[in-house]
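Take any residue in the first sequence, count from 1 to its spot, add 83: that is its number in our numbering. Where is the CB? At the ideal position from N, CA and C, for every residue including glycine. A quick note: this is a predicted structure, and the numbers were derived from the prediction, not measured. One structure below.
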Amino acid sequence: MEYGFRDIERKWQDAWKQNKAYKVDNNSPKPKYYVLDMFPYPSGAGLHVGHPLGYIASDVFSRYKRLKGFNVLHPMGYDSFGLPAEQYAIEHGIPPAISTEYNINTFRSQLDKIGFCYDWDREVRTSNDDYYKWTQWIFLQLFDSWFDRKSQKARRLHELIDIFSSEGNANIPCPGDKHLHFTASDWKAFNEKQQADILMHYRIAFCGIGEVNWCEALGTVLANDEVINGVSERGGHPVVKKKLRQWYLRITEYAERLLAGLDTVDFSDSMKDMQTNWIGKSFGAEIDFDLVSENMLAEGKKLKVYTTRPDTIFGVDFMVIAPEHELVKQITSSGQASAVTEYIDYVNSRSERERMAEKKISGVFSGAYCKHPFEERQIPVWISEYVLAGYGTGAIMAVPCGDERDFKFAQHFNIPITNIIGSHFNGVDANPTKEAILENSGFLNGTKMLDAIAISITKMEELGIGKRQTNYRMRDAAFSRQRYWGEPFPIVWKNDIAYALPVSSLPVALPQLSDLKPGPDGQGPLANLPEWTAFEGGTREVNTMPGYAGSSWYFLRYMDPQNKQEFCSREASDYWGQVDLYIGGTEHAVGHLLYSRMWTKALFDLGYIGFDEPFKRLVNQGKIGGDSRLVYRVRGTKQFVSAGLKDGYETDEIHVDVTLVDGFDLDMDGFKKWKPDFADASFITEEGIYKCGSRLEKMSKRYFNVVNPDDIVVKYGADTFRMYEMFLGPVEQDKPWDTKGIEGVHRFIKKLWRLYADAEKGIVLTDATATDASWKAFYKMLKKVEEDTARFSFNTAVSCFMIGVNELTDLNCHSKDLLSKLLIILAPYAPHISEELWSVAGNQGSVLDSNYPSVEEKYLVETSKEYPIAINGKTRTTIELDVNLSQQDVEKLVMAEPVVIKWLEGKSPKKIIYVKNKMINVVI
RNA sequence: GCCCUGGUGGUGGAAUUGGUAGACACGCAGGACUUAAAAUCCUGUUCGCUGAAAAAGCGAGUGCGGGUUCAAGUCCCGCCCGGGGCACCA
């Protein structure tokens, strides 16, 4: 009876599908457990062996939890809307709906071969209208909400309107326009358009004009997390700042809660740090400086700056405002007018990328001054792009002795520097210390800087010239894309007012469109459909939602995927609650994770769900790198020289498809057939073998180092593949793929098989009770496998199986009782062979629904242990000792050891350290 | 520059709280079975030194340099290198 994994795996995959082995019910007396994978965007390239790593880990854990008596939700779906899918569709000339469907089918067939325990009845696709209906619905809830800073939660807009009608906005500062102030009677007097504009400034999902990241090549705006180093994350196209009307999510209002929530979840430190840094909270002060300018427009105006170091107020030598600052025009003196205009033009001519690439010091004097609040001196106001319009107040007080950028700027423009930190400032570099005792600092003289921060703020508050202020670096998230393949907004514009469409009209279906060219005036492709945009006397919103819209809440839909009345019933979300274990890559650290955390908080605030953090625990799987193979072509010829001989030639390195290489040995005939270019290649070999070079790099088509899981499954089976992926190393860690290494795991599985069945003799299981030694081997394995599985140390768990099977083989164990138990603990890792042998052994039911065995400690009790004896910390010998011996007994036995006697050289030891169950150390 | 990670044999990695460094595999070398191959099995495998060899022994050894400790891959201080994130954020 051979291990015919192909038949076995197909047989059980079919059986499980037929009897709905992975169907999950929302009603169960068992405790719930929710395991979630970050769902994939179904790319055209299909899966390579790196992708399923996280899926296998979560699958193993789900199956383990199920055997431990939990009702486990473990769903899968597709993030099928979004820019990449649309780009793919455009590049291949296929409508995105069709290419997406096709790509999903490819993914699905690949996933199916690996034997996952997903409940496919719960599959979601973000681009299906029965899904995006609810994405639109949630958008409408956010559109109909505002964030109450006092209670720190989202509330309904009608409550805000009630407040406005009774007291204006005196107690509700406007997040969208802080200069906005009105009374109750003002409110009542406003017309519909004015009221709508004001409400828009409060809505959590809002439309506004703002500086956005515009990517010309992609024809759309991008969110901050989609821009890396001034170019688009996808495609690497240049990105420029542009003022546009856009939809946004007011995620900044949630900054504090997003920060606080991190303390309640189990994410890695680096993940929490990334989010914390992205939010970028800082403490400081806002200070008003009186302006002095010959320009009449500056009359009575103040310049408001934000600083985290108000203690350095006496070290201010100049002010800097952003080129986009609203005061630029008003304060510029006539003498400086042309220089300022020229500078602003220069700044506007520079793309984001240029600014990033060459950070040269630039700026212009405005001609205006500020009065120092505590001293009779005037401070020049400069304009420079190193101050960002979007952060703080868009203006700073520059303290060159303490801040590196201010220092460089002062040096560049020969601005005199005031030293307030004495010897801490050397005149060559700025020193941002907080330890110095202040000098040249008026009432702060003699105070330590750290203490002066609070003192100075208090003073400024007394004088009414400044106040304590907390700032966040995070910006509101751009929420519209000028693209086709996304959720249409359920919004219609009439007389420049955005009206929400009624819930009854959802979903607003994405119309079919064959030509995806941009619409006029930078609008999306939907603008090309006048018959669609014209709607009930108004115009539909033609932007679509970004890729992260659907993924911000998909974990909720899995709980209740077929619900036609609600996005997810409260009953279902109360039952399943938070995702207990979320597995995915780090690339979503600040994008997807922040957005879905925010959506969860908003839905919680509005009473739709009962928890405000979506993911209780997050595990980031590492990436699997490709192991590329290289051949060396002698320059200018069609001759290829083997890696060991290449140093004697001038060569060009060429990537060769890894499937043409066994280890490092090139299949030369295969190589010739691979590409027409190489058909007449000749080889300089090492004793008839052409050795390739190798390099570890990203697994990618262009390096020809992609390994397809389908090929591995055909050759070794899904069980081997699953176990090998787990065996490769810790899940969280990046690691290279080495197809050769899989042999070891495959051998293990075959060896396991032989405990149950023999090629000639057939089934070799016996009813005889297993020996104590076998039970000991088994329980040792069980204990370690369970511990390791529970702490996601899957690689060591696989080792334990190997050790256990090696031991049971040596012990010649064929006990049906023992080996059936072994199948249960193996099933999470290798479900197919476990199920097959479970039925071969004549067990009832499915191994998937067995009870995880518990450890019988009595077999693990040790009466003696082999202790290492160290002399001065260095192990010299070992000794077998009874575990219950006293210190005195041990000392006596140790002193009698020949090796110890030899090292003592007749002296007596200073001390003998005996740590029970660990070791013995003799100190000489 | 700042923050976070990681650095262990030829390779992937193990060592959960300071207690036998290198588990388990890959690869390699040798052997058994076979006409042969595949498959399978066995033995060895951190490096260096002393042994003809085996047995055995000695020395060094977890990126580098210090330290704490009876004992350090693990803890502390100072560096170096790789990976990831952020980057005029006042």
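May I have the straight-line CA-CA distance separating residue i from residue j, to the nearest angstrom?
{"i": "V423", "j": "T347", "result": "50 Å"}
{"i": "G318", "j": "Y171", "result": "12 Å"}
{"i": "E409", "j": "K326", "result": "15 Å"}
{"i": "G800", "j": "L909", "result": "15 Å"}
{"i": "S145", "j": "F638", "result": "16 Å"}
{"i": "K993", "j": "V1005", "result": "8 Å"}
{"i": "T391", "j": "T803", "result": "57 Å"}
{"i": "S898", "j": "S765", "result": "58 Å"}
{"i": "L380", "j": "D598", "result": "51 Å"}
{"i": "W297", "j": "G607", "result": "13 Å"}
{"i": "V304", "j": "N312", "result": "15 Å"}
{"i": "P258", "j": "Y285", "result": "6 Å"}
{"i": "H675", "j": "I692", "result": "19 Å"}
{"i": "G505", "j": "T530", "result": "12 Å"}
{"i": "Y582", "j": "D695", "result": "29 Å"}
{"i": "G291", "j": "R328", "result": "5 Å"}
{"i": "E468", "j": "Q413", "result": "18 Å"}
{"i": "Q193", "j": "R874", "result": "28 Å"}
{"i": "E250", "j": "T266", "result": "6 Å"}
{"i": "K863", "j": "W682", "result": "46 Å"}
Looking at the unbroken alpha helix (DSSP H) that takes in residue i, where does it start and where does it end?
{"i": "R680", "result": "675-688"}
{"i": "P981", "result": "981-987"}
{"i": "Y86", "result": "Careful: Y86 lies outside any alpha helix (DSSP H) and carries neither H nor E."}
{"i": "C883", "result": "877-893"}
{"i": "K859", "result": "855-873"}
{"i": "F804", "result": "801-810"}
Could you give the DSSP three-state label for residue i: helix, strand or coil?
{"i": "N528", "result": "coil"}
{"i": "F273", "result": "coil"}
{"i": "C298", "result": "strand"}
{"i": "K844", "result": "coil"}
{"i": "K647", "result": "coil"}
{"i": "Y555", "result": "strand"}
{"i": "N703", "result": "strand"}
{"i": "Y185", "result": "helix"}
{"i": "V586", "result": "helix"}
{"i": "V930", "result": "helix"}
{"i": "A592", "result": "coil"}
{"i": "G367", "result": "strand"}
{"i": "L166", "result": "helix"}
{"i": "F618", "result": "strand"}
{"i": "V973", "result": "helix"}
Hey, could you find the ends of the beta strand (DSSP E) residue i is sitting in?
{"i": "S947", "result": "947-954"}
{"i": "F401", "result": "401-404"}
{"i": "F638", "result": "Note, F638: premise wrong, no beta strand (DSSP E); alpha helix (DSSP H) at 637-640."}
{"i": "K385", "result": "385-390"}
{"i": "E780", "result": "776-780"}
{"i": "N502", "result": "Counting along the chain, N502 falls outside any beta strand (DSSP E), and DSSP gives it neither H nor E."}
{"i": "R205", "result": "Per DSSP, R205 belongs to no beta strand (DSSP E) and is neither H nor E."}
{"i": "A583", "result": "580-583"}
{"i": "G621", "result": "621-623"}
{"i": "K326", "result": "323-332"}
{"i": "I832", "result": "Element bounds for I832: not the beta strand (DSSP E) but the alpha helix (DSSP H), 825-839."}
{"i": "W576", "result": "574-577"}
For residue i, write down the residues that DSSP places opposite it in a beta bridge.
{"i": "T958", "result": "A953"}
{"i": "N154", "result": "K115"}
{"i": "R716", "result": "F723, D735"}
{"i": "Y997", "result": "I1003"}
{"i": "F754", "result": "Answer by DSSP bridge pairing: none, since F754 is not bridged."}
{"i": "F698", "result": "V662"}
{"i": "K452", "result": "Inspection of the sequence shows that residue 452 is occupied by Tyr rather than by Lys. Answer by DSSP bridge pairing, in chain order: V375, P463."}
{"i": "I479", "result": "V403"}
Is residue i near the ligand FAD - that is, is its Cβ less than 7 Å away from at least one heavy atom of it?
{"i": "K148", "result": "Ligands in the displayed structure: none, and consequently the ligand FAD is not present."}
What alpha helix (DSSP H) runs, 4 residues minimum, are completely inside the stretch 227-255?
Counting only runs of 4+ residues, the alpha helix (DSSP H) found wholly inside the stretch 227-255 occupies 240-250, in chain order.
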